[in-house]
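Numbering (this note's numbering), first residue to last: 4 to 214.
Don't be surprised by glycine CBs; every beta carbon is placed ideally from N, CA and C.
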């Protein structure tokens with residue numbers, strides 16, 4: 004089973020995009036699955052993108068595509084599967100994430116929590132090795148948070164998946180994580196297992212626990 008990492012920091016969204024290879028650092032080097040994304044050619048970069056999933060805090064679904072076609076898009080772009088094979092995979096993914104009844108709707112017709120579940124189905128459709136999630140819980144009401152946590156717990160049991168997520172309110176996902184990192188203004192405040200981090204007396208971390 005892959006490790007689950009929680010990142011909580013000022014600038015956490017940028018840090019996550021850097022780690023995922025979506026932006027290049029001004030200094031230093033980022034290596035993702037043994038590769039520097041800023042230094043590889045297009046074929047290798049496309050291969051890397053198939054092995055890594057990323058979900059923004061806003062689901063970024065394509066507005067003029069149905070839920071079904073949004074989830075099918077990576078398969079149509081990155082594979083040579085037939086339409087019948089794509090149909091089977093998409094139906095299974097929508098069912099796994101509990102949104103099979105929304106397949107013909109468009110993004111503007113979705114509640115935020117459901118849109119994030121559709122984005123999860125799309126990000127998982129190529130079975131990535133690493134999944135980056137940018138503060139998936141922001142903006143959710145209690146019902147939406149409860150529903151998304153249920154699916155996080157299911158995802159936690161997927162063998163081999165490494166997950167890196169940011170969170171402005173870290174305690175809402177704390178119990179699901181293997182490792183936790185807190186930093187602020189470029190300074191590392193705490194890093195370790197949830198149990199280790201809970202023992203910290205660092206004021207900046209204690210402030211985050213109160214969120």
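Taking the alpha carbon of residue 1 as the point to measure from, which residue in 199, 67, 77, 186 has its own alpha carbon closest?
Given a span of 4 to 214 for the chain in the structure shown, any question on residue 1 remains unanswerable.
Residue 69 versus 145, 177, 121, 188, residue with shortest Cα-Cα distance
121
Among all the DSSP beta bridges, which residues are the ones paired with residue 58?
136
Pull up the CB-CB distance for residue 94 and residue 103, whole angstroms please, since I reckon it's below 8 Å.
7 Å
Within 10 angstroms of the Cβ of residue 34, are there 16 or more other Cβ atoms? Answer buried if so, exposed if not.
exposed
Please classify residue 15 as buried or exposed, where buried requires at least 16 other C-beta atoms within 10 Å of its C-beta.
buried
Integer-rounded CB distance, given that residue 159 should sit under 8 Å from residue 179:
6 Å
If you reduce the DSSP assignment to three classes, tell me which class residue 89 lands in.
helix
Residue 49 versus residue 73 - alpha carbon distance:
19 Å
Could I get the ranges of all uninterrupted alpha helix (DSSP H) runs contained in the region 62-117, with 4 residues as the minimum, in chain order?
70-81, 86-99
Just to confirm the assignment, what range does the alpha helix (DSSP H) spanning residue 1 have?
Examination of residue 1 is not possible in this model, given that the chain is present from 4 through 214 alone.
So which of 29, 165, 39, 125 has the shortest CA-CA distance to residue 65?
125
Verify whether the separation of the beta carbon atoms of residue 154 and residue 195 is less than 8 Å.
no
Which same chain residues end up closer than 8 Å to residue 71 when comparing Cβ atoms and leaving out the 5 residues on each side of it in sequence?
93, 97, 106, 107
Roughly how many angstroms separate the alpha carbons of residue 84 and residue 54, rounded to a whole number?
17 Å
Apart from the five residues on each side of it in sequence, which residues of its chain come closer than 8 Å, Cβ to Cβ, to residue 151?
116, 119, 120, 139, 140, 143
Would the beta-carbon of residue 133 fall within 8 Å of that of residue 165?
yes
Can you tell me whether residue 131 is buried or exposed, with buried defined as 16 or more other CB within 10 angstroms of its CB?
buried
Have a look at residue 181 and residue 167 and give me their C-alpha separation to the nearest angstrom.
10 Å
What's the C-alpha gap between residue 188 and residue 59?
22 Å
What's the call for residue 52, buried or exposed, on a 16-neighbour Cβ count within 10 Å?
buried
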